[in-house]
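Q: I am attaching a structure below and will ask some questions about it afterwards.
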DNA sequence: TCCACTTGATTGACTGGTCAGTCAGTCGTG
DNA sequence: CACGACTGACTGACCAGTCAATCAAGTGGA
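Protein chains in written order, with my numbering: chain A, 2 to 201; chain B, 2 to 201.
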């Protein structure tokens, strides 16, 4: 049996898929495009994946698991204030984009915001994120750090939606996206959510 | 020449398209599905529309124009406070969903949040909405009603994103959607945005 | 009144192109 | 010689869009 092959073709295919999906969108990329981009034969894609869709699913699940872990870690911390927990979540998401904008673009555009097609498949995983964020808010309310008259589920949709929209703005060049914009966004999102738009 | 035909088949096709797109998503509806749902021959769709895509474009543009008008009307008012202007916009969007959830679902899922495919085509129109909202915020800042250290563009993405996410929650049954939820959401969104999550 | 003709609405069978997925086979290595 | 990695030509299904034909309603000439 081979030891690890010198280059992991499976990984190579996944990475190529990120680039191609980001460039053309899932629906208008042919499996041949992925294979070409990966420098690999058409058939090999089907050696490693059951279908084109499975490639996307894999990309999503890999990354979303990290997000869920990050949220739960923040939530579980005993040292962070609720506000700091939200900051940690916002930071993680923004850093994810910063680190691999193409992957985040694919995840947001093709899965998270495509709840009609692939989102359907992943609704449970997506919902988990909302629920964990809601838990952070609920804890904050119980501790008196957050006002109690806002439904935590509502707040969590609201929080996640705002961040995702911000990423969308970067993705589609609606809004400038420099290193400092990223850093600013992290604090600004949480600040706006906690303090509101009106002066205190 | 005929006066108005007793039933407007073009409208009938558009309405059928709303239902079918909402049910199956744009990509997996066949033109035949639209024709069947409308009770009309396949070819007639092409008599009234250049392509399947044009049907969707028409649906989007019709409704988005109303949204833009509503935002601009709120913005132009001299009697409303900035906060009330945002309330008017939030109300309009929520009421749109309330009035025709299927259409709003199509618009959000297939256009607004699909900036990779059809969103591209409508990016200019979409951007206009963000800009008008940003203007409301900027005015509010100039008048001292809103804090000045939040970029209006940022605030507008944030505001619109939060609302859209809320609609998405309704659309995909992530969150209960009763009449009272709608009414509550209108004020809650604006309240949260202006006052923040933390107690004042 | 009747018919010939025009014009747009309407029909649905058909075609041409596109791909996802298959598979029979080659290659490299233990 | 076994077995997984790898190749890429091929096929079967699917479907957007076309088009030739039919229908229905007006128009005007005799």
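Ideal Cβ placement from N, Cα and C applies to all residues, glycine included.
Note that the coordinates shown come from a computational prediction; the quantities given were computed from them, not determined experimentally.
(1) Give the C-beta separation of residue 124/A and residue 116/A to the nearest angstrom, bearing in mind that I take them to be a contact with Cβ-Cβ under 8 Å.
(2) At the 8 Å Cβ level, is residue 58/B part of the contact set with chain A, yes or no?
(3) May I ask you to verify whether the region 83-102 of chain A touches the region 42-50 of chain A, counting CB pairs closer than 8 Å and requiring at least 3?
(4) Could you tell me which of 22/A, 18/A, 172/A, 96/A sits nearest to residue 188/A, measuring between CA atoms?
(5) Which residues, taken in chain order from the region 155-180 of chain A, show a beta carbon closer than 7 Å to some beta carbon of chain B?
(6) Out of 144/A, 128/A, 103/A, 198/A, which one is the CA nearest neighbour of residue 175/B?
(7) How long is the line joining the alpha carbons of residue 64/A and residue 11/B, rounded to whole angstroms?
(8) Specify, as a first and last residue, the run of the alpha helix (DSSP H) that residue 83/B falls within.
(9) Quick one: does residue 200/B have its CB under 8 Å from some CB of chain A?
(10) Quick test of the definition: if touching needs 3 or more C-beta pairs under 8 Å, does the region 98-113 of chain B touch the region 142-155 of chain B?
(11) Quick test of the definition: if touching needs 3 or more C-beta pairs under 8 Å, does the region 161-176 of chain A touch the region 164-171 of chain B?
(12) Please give me, in chain order, every unbroken run of the alpha helix (DSSP H) with length at least 4 that falls completely inside the region 27-63 of chain B.
(13) What whole-angstrom Cβ distance do residue 119/B and residue 111/B have, given they're in contact under 8 Å?
(14) Label residue 150/B either buried or exposed according to how many other C-beta atoms from any shown protein chain fall within 10 Å of its C-beta, with 16 as the threshold for buried.
(15) With DSSP as the reference, label residue 182/B as helix, strand or coil.
(16) So residue 21/B and residue 30/B are supposed to be a Cβ contact under 8 Å. How far apart are they, rounded?
(17) Leaving out five residues on either side along the sequence, give the residues of the same chain with a beta carbon under 8 Å from the beta carbon of residue 108/A.
(18) Are the Cβ atoms of residue 199/A and residue 146/B separated by less than 8 Å?
(19) Thinking C-alpha only, which one of 54/B, 139/B, 141/B, 133/B is nearest residue 70/B?
(20) What in chain A is Cβ-close to residue 189/B, meaning under 7 Å?
(21) For residue 2/A, is the classification buried or exposed, using 16 other Cβ atoms within 10 angstroms of its Cβ as the cut-off for buried?
(22) On the DSSP letters alone, give me the boundaries of the alpha helix (DSSP H) that residue 111/B sits inside.
(23) Skipping 5 residues on each side, what residues in its chain have a beta carbon closer than 6 Å to that of residue 183/B?
(24) Report yes if the CB atom of residue 87/B is closer than 8 Å to the CB atom of residue 19/B, and no otherwise.
(25) Applying the criterion that 16 or more other CB atoms from any shown protein chain within 10 Å of the CB defines a buried residue, is residue 83/B buried or exposed?
(26) Residues in the region 14-33 of chain A with C-beta within 7 Å of chain B's C-beta atoms, listed in sequence order?
(27) Check whether chain B comes within 8 Å of residue 131/A, counting only Cβ atoms and requiring the distance to be less than that.
(28) Go ahead and pull the three-state DSSP assignment for residue 20/A.
A: Reading from the atomic positions:
(1) Numbered from 1 along the first chain, position 123 holds the residue referred to as residue 124/A. Numbered from 1 along the first chain, position 115 holds the residue referred to as residue 116/A. Right, the Cβ-Cβ distance comes to about 7 Å (below 8 Å), so this counts as a contact.
(2) Position 57 of the second chain, counting from 1, holds the residue named residue 58/B. No, residue 58/B lies away from the interface with chain A (no Cβ there is under 8 Å from its Cβ).
(3) no
(4) To locate residue 188/A, count along the first chain from 1; it is residue 187. Among 22/A, 18/A, 172/A, 96/A, the Cα nearest to that of residue 188/A belongs to 96/A.
(5) 155, 156, 158, 159, 161, 162, 163, 165, 166, 167, 169, 170, 173, 175, 176
(6) Position 174 of the second chain, counted from the start, is the residue given in the question as residue 175/B. Cα-wise, what sits closest to residue 175/B is 128/A.
(7) Numbered from its first residue, the first chain carries residue 64/A at position 63. Numbered from its first residue, the second chain carries residue 11/B at position 10. So the two alpha carbons sit approximately 45 Å from each other.
(8) On the second chain, position 82 is the one that residue 83/B refers to. Its alpha helix (DSSP H) spans residues 83-100.
(9) If you number the second chain from 1, residue 200/B lands on position 199. With 8 Å as the cut-off, residue 200/B counts as an interface residue toward chain A.
(10) no
(11) yes
(12) 32-39, 43-49
(13) By one-based count along the second chain, residue 119/B stands at place 118. By one-based count along the second chain, residue 111/B stands at place 110. Contact flag correct, Cβ pair sits at about 6 Å.
(14) Counting from 1 along the second chain, the entry for residue 150/B is found at position 149. Exposed is the call here.
(15) On the second chain, position 181 is the one that residue 182/B refers to. Of the three classes helix, strand and coil, the one that applies to residue 182/B here is helix, per DSSP.
(16) Numbered from 1 along the second chain, position 20 holds the residue referred to as residue 21/B. Numbered from 1 along the second chain, position 29 holds the residue referred to as residue 30/B. Contact flag correct, Cβ pair sits at about 5 Å.
(17) Locating residue 108/A in the first chain gives position 107, where the first residue counts as 1. Answer for residue 108/A: 60, 61, 64, 65, listed in chain order.
(18) Walking along the first chain from the start, residue 199/A turns up at place 198. Walking along the second chain from the start, residue 146/B turns up at place 145. In contact: residue 199/A and residue 146/B (Cβ atoms closer than 8 Å).
(19) Counted from its first residue, the second chain places residue 70/B at position 69. Nearest C-alpha to residue 70/B: 133/B.
(20) By one-based count along the second chain, residue 189/B stands at place 188. Within 7 Å Cβ-Cβ: 151, 155.
(21) To locate residue 2/A, count along the first chain from 1; it is residue 1. Low per-residue confidence applies at residue 2/A: pLDDT is 41, beneath 50, and the placement is therefore not dependable, though the value from the model is reported in the following sentence. By the neighbour-count rule (16 or more Cβ atoms within 10 Å), residue 2/A is not buried but exposed.
(22) For the purposes of this step, residue 111/B is identified with residue 110 of the second chain, where counting begins at 1. Careful: residue 111/B lies outside any alpha helix (DSSP H) and carries neither H nor E.
(23) Working through the second chain from its first residue, we reach residue 183/B at position 182. 95, 99, listed in sequence order.
(24) For this step, residue 87/B is matched to residue 86 along the second chain. For this step, residue 19/B is matched to residue 18 along the second chain. Not a contact, by the Cβ cut-off of 8 Å.
(25) Numbered from 1 along the second chain, position 82 holds the residue referred to as residue 83/B. Looking at its Cβ environment, which holds 16 or more other Cβ atoms inside 10 Å, residue 83/B is buried.
(26) 26, 28
(27) Here the question's residue 131/A lines up with position 130 in the first chain. Taking Cβ atoms only, chain B reaches closer than 8 Å to residue 131/A, which makes this a yes.
(28) Counting from 1 along the first chain, the entry for residue 20/A is found at position 19. In the structure shown, residue 20/A sits in a helix (DSSP, three-state: H, G or I).
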